[in-house]
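Read in order, the letters of the sequence shown correspond to residues 1 to 72 in this note's numbering.
Working notes for the structure below.
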Amino acid sequence: LKNTNPKARISVKLVSEVGVGTIASGVAKGHADNILISGASGGTGASPLTSVKHAGLPWELGISETHQTLVL
Numbered sequence: 001l002k003n004t005n006p007k008a009r010i011s012v013k014l015v016s017e018v019g020v021g022t023i024a025s026g027v028a029k030g031h032a033d034n035i036l037i038s039g040a041s042g043g044t045g046a047s048p049l050t051s052v053k054h055a056g057l058p059w060e061l062g063i064s065e066t067h068q069t070l071v072l
C-alpha cells in the first residue's frame, strides 16, 4: 500500500492472541503507521456475535507480548 501511495496512513487491527507479537512485527516491518491490539471483548461490526464474545485474550496480554517482541 505504501508503494502505491506513500502518503497513505496504514492502520492494522489485530486480535490479542498467542503469537500476536510475531504478527505485529511483520506489520511493523511493512511500515504500518498504527497497530491496534484488540482484546477479547473487541470485534468489528461484521463479526458474528460468538466471535465478539468468545475470541481473543485480554488486550493487556497482547500488548505485553507485542512490546516484548518489538523491543527485545
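For glycine and all other residues, C-beta sits at the position ideal for the given N, C-alpha and C.
The structure presented is a predicted model; accordingly, all values stated were derived computationally and were not measured.
Thinking residue i and residue j are a contact (beta carbons under 8 Å), I'd like their distance in whole angstroms, please.
i: residue 13; j: residue 49; result: About 18 Å separates the two Cβ atoms, so there is no contact after all.
i: residue 31; j: residue 7; result: That belief does not hold up - the Cβ atoms of residue 31 and residue 7 are roughly 12 Å apart, past 8 Å.
i: residue 26; j: residue 62; result: The Cβ separation is near 15 Å, so there is no contact.
Check for me: the beta strand (DSSP E) holding residue i runs from which residue to which?
i: residue 15; result: 11 to 15
i: residue 5; result: Careful: residue 5 lies outside any beta strand (DSSP E) and carries neither H nor E.
How big is the Cα-Cα spacing for residue i and residue j?
i: residue 58; j: residue 15; result: 9 Å
Comparing alpha-carbon positions, which option in the options lies nearest residue i?
i: residue 71; options: 60, 10, 28 and 34; result: 28
i: residue 17; options: 68, 60, 56 and 31; result: 56
Name the two residues that bound the continuous alpha helix (DSSP H) containing residue i.
i: residue 70; result: 59 to 71
i: residue 26; result: 20 to 29
Would you list the one or two residues that DSSP bridges to residue i?
i: residue 94; result: Because the chain is modelled from 1 through 72, residue 94 falls outside the range shown and cannot be assessed.
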